[in-house]
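Student: My structure is below; once you've seen it, I'll send some questions.
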Amino acid sequence: MLTSGNFDNNNSNIVGVINGNYDNSGDTTSSAFPPEIGNPKKCSKIHEIYSEWKNSNPKKNPIIDFRKIVSTDTYQLSDLHKELFPISYDDQFYQGISSGLTQGWVAVWKLDSLDSNFNDKMTLNEHNSHFGSDVSELIIGFITTSQDSRIIKDNDYKHVIKSIPEGFLLDSLKRDIENDSFDISVSPQFGESIYNHLVYILTMGVVEEFRFLGIAKQLLNIVIGYYQKFYPQVNAIFLHVVEYNNNAINLYKKLNFVQTLYWNNFYKIYGGFYGAFLFTYFYDRSNSSNLNIFDNIISNYPLVQKKNKYSLVEYLNSFISNSSKYFKRNNMKNINFNNTSDSNNNSINNTGNVQ
């Protein structure tokens, strides 16, 4: 999915840096790439490792876990961003992940679940130098977010705040914006307080072999639930999506994201200009039942899967049942955030097979 880009305040000539990592041979697929461009080439080693493992274990299913992004994830995330997006993300983006400036979650394939008959040690040893460290899990999906003023343009905040429904917080700011008296640059401290009310989704993607199992939906639900429960000052989550990415657009709509705005020529990709939608998820904090979103994210798993994908229906139904019992029993208090008020914790202790 293509959910971020550079936007100027004149609503024109929006451009992302072109990513040259694509190949007309169609090695993998990504709905973020323009349909007329062709398919991107594979950059991540996960495809090779998964193919070898699946050939050795045709009837087995990988075990998937969700957790917060950590600094050592940048090696794998860099490869996945190259193959999933037609826009390049520079070193500053990955430095933001390492420093905690950018938050996020990943879905990982737990390699300790590999069958003993599969010669995984040899395979992983061959790739450890590529990943930059010993590998015990491989990232198969991710979502990155930020509230930092150095990443988000003020113009985006204005459009999002103007769209917040009546009765929500920031009503006075909405009036200032409508009267053109809202200018974050005049008071940096005031601006910082505004940024705390909004969350921006920078990127989200899932490896081809693990799609259509609910991973992207789960990652979005984790973000929605996390900021709902632990950041009560947040009023909305927003993102950009390129106009032709119907897979992403349909998912956002299903999860109650609202189309806030459309910009023409937002992205420049391989010499072509493409529009973008601004989608926003608004929190209704007047309804206390919404505080249970994070506690009930497991209930959003799809119950019907494509049967040609690992024959996962029976496996997933079993996982959903067991996970639901686990989360009800623990009331999500043991969700390995260590200290739930700390946004820099590292793990969501949720194991299963998804998207």
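If you're matching positions, the sequence shown starts at 634 in our numbering and goes up one per residue. Glycine is no exception: its CB is placed at the ideal position from the N, C-alpha and C atoms. Predicted model, so just to flag it, every value in this text is computed and none were measured.
1. Between which two residues does the beta strand (DSSP E) harbouring I776 extend?
2. Quick one: give me the first and last residue of the alpha helix (DSSP H) that H680 is part of.
3. Tell me which residues share the same chain as L853 and place their Cβ nearer than 6 Å to its Cβ, disregarding the 5 neighbours each side in the sequence.
4. Between I882, N897, Y833, which lies nearest to N868 when the distance is taken from Cα to Cα?
5. Excluding the 5 residues preceding and the 5 following S664 in the sequence, name in chain order all residues of the same chain whose CB lies nearer than 6 Å to its CB.
6. Between E876 and the rest of its own chain, which residues show a CB-CB distance below 7 Å, the 5 nearest in sequence each way excluded?
7. Which residue from I679, E716, I776 puts its Cα closest to that of I855?
8. Please classify Q736: does DSSP put it in a helix, a strand, or coil?
9. By the three-class DSSP mapping on this structure, what secondary structure does D723 have?
10. Can you check which of these residues, W742, Q780, T778, S779, is closest to E770 by C-alpha distance?
11. Decide if the region 690-701 is in contact with the region 722-731; the criterion is three or more beta carbon pairs, one per stretch, under 8 Å apart.
12. For K886, which option in Y683, F871, I670 has the closest C-alpha, if you only look at C-alpha atoms?
13. Please state the DSSP three-state secondary structure of I834.
14. Looking at the unbroken alpha helix (DSSP H) that takes in Q861, where does it start and where does it end?
15. I need the DSSP call for I670, collapsed to helix, strand or coil.
16. Express the C-alpha separation of S689 and M837 in angstroms, rounding to a whole number.
17. When the distance is taken between beta carbons, is I679 closer than 8 Å to V839?
18. If you draw a straight line from the C-alpha of P691 to the C-alpha of F843, how long is it?
19. If I measure Cβ to Cβ from E947 and keep anything under 8 Å in the same chain, skipping five residues before and after, which residues do I get?
20. Looking at C-alpha atoms only, which residue of G737, L884, F863 is the closest neighbour of N916?
21. Within its chain, find whatever has a CB closer than 7 Å to the CB of T707; leave out the 5 residues flanking it on each side and keep chain order.
22. With DSSP as the reference, identify every bridge partner of D917, one or two as the case may be.
23. Is Q736 closer than 8 Å to S779 when the C-beta atoms are compared?
24. With respect to the beta strand (DSSP E) encompassing T893, which residues constitute its N-terminal and C-terminal limits?
25. Tell me, please, whether the CB atom of Q861 is closer than 8 Å to any CB atom in chain C?
26. Indicate whether I882 and P719 have their beta-carbon atoms separated by less than 8 Å.
27. Quick check: what's the CA-CA separation for Y722 versus K687?
Tutor: So, to answer that:
1. 770-779
2. 679-689
3. Taken in chain order, the residues that qualify are L888.
4. Y833
5. N878, N880
6. Y907, G908, A909, F910
7. Here the closest residue by C-alpha is I776.
8. strand
9. coil
10. Comparing Cα positions, the closest option is W742.
11. no
12. F871
13. strand
14. 848-863
15. coil
16. 30 Å
17. no
18. 15 Å
19. At E947, the pLDDT of 37 sits below 50, so the modelled position is not reliable; the number obtained from the coordinates is stated separately. Nothing listed; no residue qualifies.
20. Reading the sequence as shown, one finds Tyr at residue 916 and not Asn. Nearest option by C-alpha distance: F863.
21. Y727, I730, S731
22. Bridge partners of D917: none, in fact.
23. Cβ atoms of S779 and Q736: closer than 8 Å.
24. 891-902
25. No chain C appears in the structure shown, which is made up of a single protein chain.
26. No; because the gap between Cβ atoms is not below 8 Å, this pair is not in contact.
27. 31 Å
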